[in-house]
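The opening residue of the sequence shown carries number 4 in our numbering; numbering runs sequentially from there.
We put the beta carbon where it would ideally sit given N, CA and C, even for glycine.
Everything numeric in this text was worked out from a predicted model, so none of it was measured.
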Amino acid sequence: MERITEDQVARLFGFVLARIPETAPLHGEARRTAAALRLAAYQQIGAVIYHRNCPPEPAGETELHAAASWNLLVALAGIWQDHPEFPADAAVETFDFDCEAPLSVAMHRDM
4 MERITEDQVA RLFGFVLARI PETAPLHGEA RRTAAALRLA AYQQIGAVIY
54 HRNCPPEPAG ETELHAAASW NLLVALAGIW QDHPEFPADA AVETFDFDCE
104 APLSVAMHRD M
């Protein structure tokens with residue numbers, strides 16, 4: 004998580020939120036879908052920001068959650084990967100999880 008800059012976090016989150024419509028003008032299933040996507044995006048960025056701002060001691064405990072949350076935010080952004088404003092340099096940082104030690108995180112670049 005340390006390799007991801009504040010700018011990358013802000014740009015990726017802003018990009019995702021800009022693609023999800025506001026719920027007020029929507030009705031029915033479209034409104035519920037937009038609300039769910041917004042909630043998911045806010046929860047993922049919340050986990051990333053919490054990890055980045057917590058003291059060093061519990062940071063080890065929050066790293067796995069933050070890495071998984073970042074991966075989900077990158078996946079949400081990837082829906083619009085062909086968009087001209089897609090922040091490819093922000094979305095390039097993703098994390099692998101070792102099958103034999105799933106609570107450890109390894110960095111990789113794949114986009």
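- Taking a C-beta distance under 8 angstroms as the contact criterion, A70 and A80 do not qualify as a contact pair.
- Here the alpha carbons of L67 and A91 stand approximately 23 angstroms from one another.
- For F16, the enclosing alpha helix (DSSP H) stretches over residues 9-22.
- For E32, the uninterrupted alpha helix (DSSP H) run begins and ends at 31-56, by DSSP.
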